[in-house]
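Trainee: My questions will all concern the structure given below.
There are 2 protein chains.
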Amino acid sequence: MRLPIQAVDLRTDQDVIREGDRPSRCFAVLEGFACSFKITGVGKRQILGFHIPGDMPDLQSLHLEVLDCSIGTLTPCKLGFIQHEPIRELCEAYPRLAAAFWRETLIDASIFREWVTNVGRRDAYSRIAHVMCELLVRLRAVGLAEDHQFELPITQSEFADATGISTVHVNRTLQELRGDGLIQLKREKLTILDWDRLKEAGDFDATYLHLKRQDQAAA
Amino acid sequence: MRLPIQAVDLRTDQDVIREGDRPSRCFAVLEGFACSFKITGVGKRQILGFHIPGDMPDLQSLHLEVLDCSIGTLTPCKLGFIQHEPIRELCEAYPRLAAAFWRETLIDASIFREWVTNVGRRDAYSRIAHVMCELLVRLRAVGLAEDHQFELPITQSEFADATGISTVHVNRTLQELRGDGLIQLKREKLTILDWDRLKEAGDFDATYLHLKRQDQAAA
DNA sequence: CGTTTGGTTGAAATGTGTCAAACTTTGTGG
DNA sequence: CCACAAAGTTTGACACATTTCAACCAAACG
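These protein sequence lines are chains A and B, in that order. Note that the working numbering has the first sequence beginning at 2, numbered continuously upward. Note that the working numbering has the second sequence beginning at 2, numbered continuously upward.
Below, the structure is given as structure tokens:
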């Protein structure tokens, strides 16, 4: 059985799929950063999660007819589209494969749970620290971060939408994080200067990412 | 193949499973209300979702070894415990059944996404209205609400932990909702007086619940 | 090199949190 | 069935984290 993948390049700030769509395919991020988001009735955006290479952000569409959120690029991206039908057939034929895909969506759900907690019960300082911790650990797991430094092509306004605070306050909080010597952030490059203190500030425990052993180096 | 279910009765405020556990079984809510939650490093609780009869709140444990959140009862509950092993065997034998379970966990994830948005980008008034809307629609789908009225055995403090605001502010916001004629709430019984305006106040659209057609009466 | 996008700053407004006390309802044991 | 305790709700005063608005600055880009 073959699994035809159609590679597509997208520019920054393009919608890949939109809330309300009924797609017949899903995609994997091959290169670049993307994010899931919703727009509220009064036009505010909430980013629900960041997607990095290796992620399949809309695997859910395999079993949910209508999309309940949108996904857009944060940087230029290379995406690999795969039709639902052949995936479904593979899943029926190989239950272990289905279980592996299922597991991926369960990890996504686990991350959403952590994000509910993050925006619901942590202050701005912690929220931002937490998101940075998560990104480091996930990027390391796919080899996109060495040590404690990685490309972070995310604007302060996007950070605001991810953490549920205002852009201005993100700016001030980033200055605090810098002033406290936890991070260095310039030119879209984030350097974590004090991992232990950043983890503590962000109330971060990587358990919810459900990484396999070999991926846990950073955590 | 048999699927042995062990029924268990629990009192109010009992933990069913705890963050960090590695369960070998999962459960369904047969009667009563429960909730998933996390406790942050500084001891604040975030409720991640409410569970009503028919839900299988920890189905995720089938494929994730370690629990990343706790689940506790909000009222006296009757739970049905089922071992993972027989479920896994059934899923391998009947891919359609696996897909149905998978779909359930995908809906859970969709609800978490909505909750991220709720606590991240809506004000207190909207957040509470939203949660009420969700509960009505879900309870109607399982026949536990008639018209626009249902048993809501949830304290203001639990409401606070679900919406990421303080207990005192929940109290004041509930008074606002009452004062505006949207709801009536006494003796753990919630009556929605103006469904259209409550939906609008809560920025509520039931799509994210992914109900099958016959369940959508209320939405 | 001008234009756009993103970052930074200050001042004022505000939603929400905190604290502490009083009140009400519910549950329980005598 | 009353009395008491416990749990939950309500209130007021005040503190404060965060938002909003508006302007300015810096960097990226064609």
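Glycine included, each C-beta is placed from N, C-alpha and C at the ideal position.
(1) So is Val67(B) in contact with chain A if we call contact Cβ pairs under 8 Å?
(2) Give me, in chain order, the residues of the same chain whose beta-carbon lies closer than 8 Å to that of Lys190(B); leave out the 5 immediate sequence neighbours on both sides.
(3) Is the separation between the beta-carbon of Gly73(B) and that of Ala29(B) shorter than 8 Å?
(4) Measure the beta-carbon distance from Cys134(B) to Ile83(B) and round it to whole angstroms, keeping in mind my assumption that it falls under 8 Å.
(5) Count the other C-beta atoms from every protein chain shown that fall within 10 angstroms of the C-beta of Gln7(B), then say buried if there are 16 or more, exposed otherwise.
(6) Got a sec: which bits of the region 111-140 of chain A sit with their beta carbon under 8 Å from any beta carbon on chain B, in order along the chain?
(7) Ignoring anything shorter than 4 residues, give me the alpha helix (DSSP H) runs that lie fully in the region 61-144 of chain B, in order along the chain.
(8) Taking DSSP as the reference, what is the three-state secondary structure of His52(A)?
(9) Compute the beta-carbon to beta-carbon distance between Pro24(A) and Ser62(A), rounded to the nearest angstrom, for a pair I have assumed lies under 8 Å.
(10) Does the Cβ-Cβ distance between Phe113(B) and Phe113(A) come in under 8 Å?
(11) At a Cβ cut of 7 Å, what residues of the region 196-214 of chain A count as close to chain B, listed as they run along the chain?
(12) To be precise: take each residue of the region 81-106 of chain A, compare its Cβ to all Cβ atoms of chain B, and keep it if any distance is under 7 Å. Which residues remain?
(13) Anything in chain A within Cβ reach of Leu49(B), meaning under 8 Å, just list it in chain order.
(14) Where does the unbroken alpha helix (DSSP H) through Ala161(B) begin, and where does it stop?
(15) List the DSSP bridge partners of Thr168(A).
(16) Check whether the Cβ of Gly73(A) lies closer than 8 Å to any Cβ atom in chain B.
(17) Taking C-beta to C-beta, are Leu183(B) and Pro77(B) nearer than 8 Å?
(18) How would you label Thr168(A), buried or exposed, when you count the other beta carbons within 10 angstroms and need 16 or more for buried?
(19) Using the C-alpha atoms, what's the distance from Glu147(A) back to Gly33(A)?
(20) What residue does the beta strand (DSSP E) around Arg26(B) start on, and which one ends it?
(21) Going straight from the alpha carbon of Ala100(B) to that of Leu60(A), what length do you get?
(22) Cα separation between Arg128(A) and Asn119(A)?
(23) So, are the CB atoms of Asp69(A) and Tyr209(B) less than 8 Å apart?
(24) Could you tell me which chain A residues have their CB closer than 9 Å to the CB of Gln157(B), listed as they occur along the chain?
(25) Between the beta-carbon of Leu31(B) and the beta-carbon of Leu80(B), is there less than 8 Å?
(26) Does DSSP put Thr210(B) in a helix, a strand or coil?
(27) What did DSSP end up calling Thr148(A) once you bin it into helix, strand or coil?
(28) On a CA-only basis, which of Glu20(A), Glu159(A), Glu86(A) is nearest Arg3(A)? Give me that one, please.
Mentor: So, to answer that:
(1) Walking along the second sequence from the start, residue 67(B) turns up at place 66. It does; some Cβ of chain A falls within 8 Å.
(2) Taking the second sequence and counting its residues from 1, one reaches residue 190(B) at position 189. Contacts found: Gln150, Phe151, Glu152, Leu153.
(3) Your numbering for residue 73(B) matches position 72 in the second sequence. Your numbering for residue 29(B) matches position 28 in the second sequence. No, the pair does not count as a contact, with Cβ atoms beyond the cut-off.
(4) For the purposes of this step, residue 134(B) is taken as residue 133 along the second sequence, with counting starting at 1. For the purposes of this step, residue 83(B) is taken as residue 82 along the second sequence, with counting starting at 1. Taking a contact as a CB-CB distance under 8 Å, the pair Cys134(B) and Ile83(B) does not count as one, their CB atoms being some 31 Å apart.
(5) Within the second sequence, residue 7(B) is the residue found at index 6, counting from 1. With fewer than 16 other Cβ atoms within 10 Å, it is exposed.
(6) Result list: Ser111, Phe113, Arg114, Glu115, Trp116, Val117, Thr118, Val120, Gly121, Arg122, Arg123.
(7) Listed in chain order, the complete alpha helix (DSSP H) runs (minimum 4 residues) inside the region 61-144 of chain B are 85-94, 96-122, 125-142.
(8) As a position in the first sequence, residue 52(A) is number 51, starting the count at 1. Of the three classes helix, strand and coil, the one that applies to His52(A) here is strand, per DSSP.
(9) In the first sequence, the residue the question calls residue 24(A) occupies position 23. In the first sequence, the residue the question calls residue 62(A) occupies position 61. So it is a contact: roughly 5 Å between Cβ atoms.
(10) In the second sequence, residue 113(B) corresponds to position 112, counting from 1. In the first sequence, residue 113(A) corresponds to position 112, counting from 1. Cβ atoms of Phe113(B) and Phe113(A): closer than 8 Å.
(11) Those residues of the region 196-214 of chain A placed with their C-beta closer than 7 Å to a C-beta in chain B are Asp204, Thr208, Tyr209, His211, ordered along the chain.
(12) Within the region 81-106 of chain A, the residues whose Cβ lies closer than 7 Å to some Cβ of chain B are Cys92, Glu93, Pro96, Ala99, Ala100, Trp103, Arg104, Thr106, listed in chain order.
(13) Stepping through the second sequence from its first residue, residue 49(B) is reached at position 48. Chain A residues near Leu49(B): Arg114, Val117, Thr118.
(14) Residue numbering aside, residue 161(B) sits at position 160 when the second sequence is read from its first letter. Its alpha helix (DSSP H) spans residues 157-164.
(15) Numbered from 1 along the first sequence, position 167 holds the residue referred to as residue 168(A). Residue pairing for Thr168(A): DSSP places it in no beta bridge.
(16) Here residue 73(A) refers to the residue found at position 72 of the first sequence. No, because no Cβ of chain B sits closer than 8 Å to the Cβ of Gly73(A).
(17) Along the second sequence, read from residue 1 onward, the residue named residue 183(B) stands at position 182. Along the second sequence, read from residue 1 onward, the residue named residue 77(B) stands at position 76. No Cβ-Cβ contact shorter than 8 Å links Leu183(B) with Pro77(B).
(18) Mapped onto the first sequence, residue 168(A) falls at position 167. Counting the other Cβ atoms within 10 Å of the Cβ of Thr168(A) gives fewer than 16, which makes it exposed.
(19) Here residue 33(A) corresponds to residue number 32 of the first sequence, with the count starting at 1. Here residue 147(A) corresponds to residue number 146 of the first sequence, with the count starting at 1. If I take the Cα positions, the gap works out to 17 Å.
(20) The sequence position of residue 26(B) within the second sequence is 25, counting from 1. Start and end: 26-32.
(21) If you number the second sequence from 1, residue 100(B) lands on position 99. If you number the first sequence from 1, residue 60(A) lands on position 59. Computed Cα separation, rounded: 13 Å.
(22) Stepping through the first sequence from its first residue, residue 128(A) is reached at position 127. Stepping through the first sequence from its first residue, residue 119(A) is reached at position 118. Near 6 Å, if we compare the C-alpha coordinates of Asn119(A) and Arg128(A).
(23) Walking along the first sequence from the start, residue 69(A) turns up at place 68. Walking along the second sequence from the start, residue 209(B) turns up at place 208. For Asp69(A) and Tyr209(B), yes; Cβs fall inside 8 Å.
(24) Residue 157(B) sits at position 156 when you count from the first residue of the second sequence. Those within 9 Å of Gln157(B) in chain A number zero; the least Cβ separation is about 16 Å.
(25) Indexing the second sequence from 1 puts residue 31(B) at position 30. Indexing the second sequence from 1 puts residue 80(B) at position 79. For Leu31(B) and Leu80(B), yes; Cβs fall inside 8 Å.
(26) Walking along the second sequence from the start, residue 210(B) turns up at place 209. Position check: residue 210(B) holds Leu in this sequence, whereas Thr was assumed. The three-state reading of DSSP puts Leu210(B) in helix, counting H, G and I together.
(27) Position 147 of the first sequence, counted from the start, is the residue given in the question as residue 148(A). For the record, residue 148(A) in the displayed sequence is Asp; it is not Thr. The DSSP-derived three-state label of Asp148(A) is coil.
(28) Against the first sequence, residue 3(A) aligns to sequence position 2. Glu86(A) is the residue among Glu20(A), Glu159(A), Glu86(A) whose C-alpha sits nearest the C-alpha of Arg3(A).
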